[in-house]
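Novice: 28 is the number of the first residue of the sequence shown in this note's numbering; add one for each residue after it. Virtual Cβ for every residue (Gly too), placed ideally from N, Cα, C. Got a structure here, written out as structure tokens. Questions coming.
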Amino acid sequence: MKNLSSNDKKCVYGIILSCVIMVFGILFLVNAMGVANFYKSYAAIKNPLAKYLVVILVMATGIMLFSNVALRFEDDKLRKRLTIFITAFAFILTIPLTYVLIAMLPFHAKYNMADVENAIDAARLAHPEYTTAQVNEAAGKALGLSGFGNIMGVHTIYEGFEMWFKDGAFIWVVFVFMAILGVVFLIEPLAAGICVVKGKILLLFSKDENGKFHLFRVAELPVLKKRRENEIYERAA
Numbered sequence: 028m029k030n031l032s033s034n035d036k037k038c039v040y041g042i043i044l045s046c047v048i049m050v051f052g053i054l055f056l057v058n059a060m061g062v063a064n065f066y067k068s069y070a071a072i073k074n075p076l077a078k079y080l081v082v083i084l085v086m087a088t089g090i091m092l093f094s095n096v097a098l099r100f101e102d103d104k105l106r107k108r109l110t111i112f113i114t115a116f117a118f119i120l121t122i123p124l125t126y127v128l129i130a131m132l133p134f135h136a137k138y139n140m141a142d143v144e145n146a147i148d149a150a151r152l153a154h155p156e157y158t159t160a161q162v163n164e165a166a167g168k169a170l171g172l173s174g175f176g177n178i179m180g181v182h183t184i185y186e187g188f189e190m191w192f193k194d195g196a197f198i199w200v201v202f203v204f205m206a207i208l209g210v211v212f213l214i215e216p217l218a219a220g221i222c223v224v225k226g227k228i229l230l231l232f233s234k235d236e237n238g239k240f241h242l243f244r245v246a247e248l249p250v251l252k253k254r255r256e257n258e259i260y261e262r263a264a
């Protein structure tokens with residue numbers, strides 16, 4: 028901390044805050060999976076999809092805050108290391124999310140809401156001593172889910188989609204959109220992290236210096252641009 032600039036010291040607090048937010052996100056995830064039952068009001072939410080949306084929103088907030096603070100560090104090594112860490116963390120964390128969103132399509136082609144509810148009810152009746160997580164796991168096995176798909180609760184999240192969008196043609200549109208969104212969630216943070224390590228920043232839906240609009244473009248990192256401009260000013264002076 029002693030060797031850090033005043034700007035970098037301020038950024039450290041942002042990193043700490045983002046880590047705290049992500050810890051809460053992980054705790055929400057543990058609760059959503061039925062492993063634990065703390066946060067009573069959160070556990071009382073009936074729709075499994077709603078629970079996971081809370082997890083996604085909290086984790087996304089923490090990750091985006093971490094990423095945006097990390098790229099503002101003036102120390103090159105620290106900026107790159109923090110960016111590599113959060114990029115890898117976000118990528119690994121998003122793989123299961125992308126898998127689940129894509130898995131909704133083949134799952135819906137094979138099962139419906141009644142199948143999922145019957146499997147869960149049968150597991151609960153057969154094993155009344157089971158926790159929610161164990162009931163969901165038993166139901167997933169009965170539905171023929173793979174180990175990873177069962178762990179991620181594909182059938183319970185599917186149940187949440189059905190609660191909101193009902194069975195019909197529109198839910199196919201929702202599943203296709205969510206599958207595409209899952210791929211975007213996986214690729215965009217990875218591309219943004221690579222850009223930062225290379226001294227660039229990935230900007231979405233922005234205008235360049237000439238006022239031309241771009242869906243995405245790459246520009247110089249603000250912290251490096253400021254450093255370069257200061258060096259030019261000092262040489263000119």
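1. Check whether the stretch 149 to 166 touches the stretch 192 to 207, taking contact to mean three or more Cβ pairs, one atom from each stretch, closer than 8 Å.
2. Using DSSP's beta-bridge definition, name the partner residues of residue 246.
3. Whose CA, out of 213, 186, 137, lies closest to the CA of residue 124?
4. On a Cα-Cα basis, can you pick out the residue from 233, 131, 219, 146 that is closest to residue 189?
5. Would you call the stretch 171 to 188 and the stretch 132 to 142 touching, i.e. three or more CB-CB distances under 8 Å?
6. I believe residue 102 touches residue 194 by the beta-carbon criterion, under 8 Å. Please report the beta-carbon distance rounded to the nearest angstrom.
7. Would you call residue 150 buried or exposed, if buried means 16 or more other Cβ atoms sit within 10 Å of its Cβ?
8. Out of 122, 180, 95, 119, which one is the CA nearest neighbour of residue 1?
9. For residue 241, list the residues DSSP reports as bridge partners.
10. Buried or exposed: residue 58, going by 16 or more other Cβ atoms within 10 Å of its Cβ?
11. When DSSP labels each residue in this structure, what does residue 66 get in the three-state scheme?
12. Measuring straight from C-alpha to C-alpha, what distance separates residue 175 and residue 260?
13. Does the stretch 66 to 81 come within contact of the stretch 40 to 47, defined as at least 3 CB pairs closer than 8 Å?
Specialist: By the coordinates alone:
1. These segments do not touch.
2. According to DSSP, residue 246 bridges with 228.
3. Here the closest residue by C-alpha is 213.
4. In this structure, 131 is the residue among 233, 131, 219, 146 with its C-alpha nearest to the C-alpha of residue 189.
5. Cβ pair count under 8 Å is three or more, so yes.
6. About 54 Å; that fails the 8 Å criterion.
7. Residue 150 is buried by the Cβ-count criterion.
8. Residue 1 is absent from the model: the chain starts at 28 and stops at 264.
9. The partner list for residue 241 (beta bridge, DSSP) reads 233.
10. Under a 10 Å Cβ-count criterion, residue 58 is classified as buried, with 16 or more other Cβ atoms of the shown protein chains found around its own Cβ.
11. Note: residue 66 maps to coil in three-state DSSP.
12. The straight-line gap from Cα to Cα measures roughly 57 Å.
13. The stretch 66 to 81 is not in contact with the stretch 40 to 47.
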